[in-house]
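Here the structure comes first, spelled out in structure tokens, and everything after it is commentary.
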Amino acid sequence: MALVNTKKMFEMAYKNGYAIGAFNVNNMEITQGIIEAVAEEKAPLILQVSKGGREYASLSYLRAIIDVVVEENPDIPIAINLDHGDTFETCKQFVDAGFTSVMIDASSKPFEENIEITKQVVEYAHPRDVVVEAELGQLGGIEEEVVGVDDVDTHVADPEQVQEFVEKSGCDSLAIACGTSHGAYKFKTAPTLAFDVIEEIQKRLPGFPLVMHGSSSVLKEFVDLINKYGGQMPNAMGVPEEMVSRASKMGMCKVNIDTDLRLALTSKIRQVFAEIPSEFDPRKYLGPGREAIKEMVKHKLHVVGCAGKAAECR
Ligand code: G3H
Ligand code: 13P
Ligand code: ZN
1401 MALVNTKKMF
1411 EMAYKNGYAI
1421 GAFNVNNMEI
1431 TQGIIEAVAE
1441 EKAPLILQVS
1451 KGGREYASLS
1461 YLRAIIDVVV
1471 EENPDIPIAI
1481 NLDHGDTFET
1491 CKQFVDAGFT
1501 SVMIDASSKP
1511 FEENIEITKQ
1521 VVEYAHPRDV
1531 VVEAELGQLG
1541 GIEEEVVGVD
1551 DVDTHVADPE
1561 QVQEFVEKSG
1571 CDSLAIACGT
1581 SHGAYKFKTA
1591 PTLAFDVIEE
1601 IQKRLPGFPL
1611 VMHGSSSVLK
1621 EFVDLINKYG
1631 GQMPNAMGVP
1641 EEMVSRASKM
1651 GMCKVNIDTD
1661 LRLALTSKIR
1671 QVFAEIPSEF
1681 DPRKYLGPGR
1691 EAIKEMVKHK
1701 LHVVGCAGKA
1711 AECR
């Protein structure tokens, strides 16, 4: 099946109380690890490319890799999304490159300006059958290309503004700040998410798909492996998986996970280097790294609940 946009996926996810996993791709091994997991678990899939991903690998290489994925997996509905597009121009480039979904992240701009930029992207994308994700409120944490704020609590989205934003901008889905942040250091104290805010937004906008960024759980097992084999990641902390599962049943139809895949890959590569110091064949460490990504993604598909849902999303 050809690439699809996220409309049907979100409709089914919302109706049946699960989320679609959205995973970032930056090279062939990451992409292969993801698709092998998704194929085994018969899940729908959103692959996404950030501006940083484009700069690292180039859009033409990533598009070619994704084309192979689509061709070899005709039974899986696959959408490709620009992650955190910063300007209209960036979004336009990705629409023109055949992406079926683009995110315009103008969340750092004033409210009215965010609406205007989002509207502009919607007007370009919709006639081309491309859906638009927007963002409201600022996520905490600092990550390459994605700079958020430190004080998460004061940046949780305001349900009233969310309603106005969706109505005025015409976006198809919305990432809302609800306590998560990007990267491996999400909380300094006990993790909490603003479930009351998510619930209130759902009441105001029934059926409207929300998106949760910063959904990695930073699993202790992987941080421990990294630290054991020479890494330094003290105090790393993510969103507990039971919270991710709970949000996935509450209209968070798309759950973005990147950091957990990075941790899986890095921990395995570190382990190979530490245990076999003479190894210098990239296939001997990238191969196990790819396998670690596959296992991580298989696990995440159950956390968000979309394992086995490929057929109903077609
Ligand atoms: O939202 C952040 C994603 O993890 C992408 O990160 O901008 O470093 O590619 P990146
Ligand atoms: P994590 O850093 O929690 O994996 O979040 C990724 C993300 O939100 C990509 O847009
Ligand atoms: Zn994000």
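Take 1401 as the starting number for the sequence shown in the working numbering and just add one per residue.
The beta-carbon is built from N, C-alpha and C at its ideal position, and this holds for glycine as well.
Being a predicted model, the structure only gives us computed values, none of them experimental.
Distance, Cα to Cα, residue i vs residue j?
| i | j | result |
| --- | --- | --- |
| Pro1591 | Pro1640 | 7 Å |
| Arg1690 | Glu1564 | 43 Å |
| Ala1636 | Pro1527 | 43 Å |
| Glu1533 | Phe1499 | 13 Å |
| Arg1463 | Gln1520 | 25 Å |
| Glu1455 | Val1425 | 12 Å |
| Ile1466 | Lys1700 | 20 Å |
| Tyr1442 | Ala1402 | At residue 1442 the sequence reads Lys, which differs from the Tyr that was named. Approximately 16 Å between the Cα atoms of the pair. |
| Leu1610 | Ile1478 | 19 Å |
| Lys1407 | Gln1671 | 41 Å |
| Pro1688 | Ile1430 | 11 Å |
| Gly1417 | Met1409 | 12 Å |
| Ser1678 | Glu1472 | 36 Å |
| Gly1631 | Lys1603 | 44 Å |
| Val1502 | Ile1676 | 42 Å |
| Ser1508 | Gly1537 | 8 Å |
| Glu1436 | Met1696 | 11 Å |
Tell me the DSSP secondary structure of residue i in three-state form.
| i | result |
| --- | --- |
| Val1530 | coil |
| Glu1423 | One detail in the question is off: residue 1423 reads as Phe in this sequence, not Glu. Correct three-state label for Phe1423: strand. |
| Gln1493 | helix |
| Glu1535 | strand |
| Val1438 | helix |
| Ser1681 | The amino acid at residue 1681 is misidentified as Ser; the sequence shows Asp. Of the three classes helix, strand and coil, the one that applies to Asp1681 here is coil, per DSSP. |
| Tyr1585 | strand |
| Ile1504 | strand |
| Cys1653 | strand |
| Ile1601 | helix |
| Gly1485 | strand |
| Ile1693 | helix |
| Val1611 | strand |
| Val1549 | With a pLDDT of only 48 at Val1549, under 50, the local geometry of the prediction cannot be trusted, and no value is derived from it. |
| Ser1667 | helix |
| Glu1544 | Any reading at Glu1544 is ruled out, since the residue's pLDDT is 42, under 50, leaving its predicted position unreliable. |
| Gln1520 | helix |
| Ile1478 | strand |
Cβ of residue i versus every heavy atom of the ligand 13P: is any distance shorter than 8 Å?
| i | result |
| --- | --- |
| Ser1667 | no |
| Ala1636 | no |
| Val1425 | no |
| Lys1586 | yes |
| Ile1434 | no |
| Ser1508 | no |
| His1484 | yes |
| Gly1745 | Absent from the model: residue 1745. The displayed extent of the chain is 1401 to 1714, so no value can be given. |
| Ala1422 | yes |
Between residue i and the ligand ZN, is there a pair consisting of the residue's CB and a ligand heavy atom that are separated by less than 8 Å?
| i | result |
| --- | --- |
| Leu1593 | no |
| Ala1479 | no |
| Ala1575 | yes |
| His1699 | no |
| His1555 | no |
| Gly1579 | no |
| His1718 | Lying before the first or after the last residue shown, residue 1718 is absent from the chain, which here runs from 1401 to 1714. |
Using only the heavy atoms of the ligand G3H, determine whether one of them is closer than 8 Å to the beta carbon of residue i.
| i | result |
| --- | --- |
| Gly1537 | no |
| Lys1654 | no |
| Lys1451 | yes |
Does the ligand MG have a heavy atom nearer than 8 Å to the CB of residue i?
| i | result |
| --- | --- |
| Asn1405 | The ligand MG is absent from the structure shown, which contains only the ligand G3H, the ligand 13P and the ligand ZN. |
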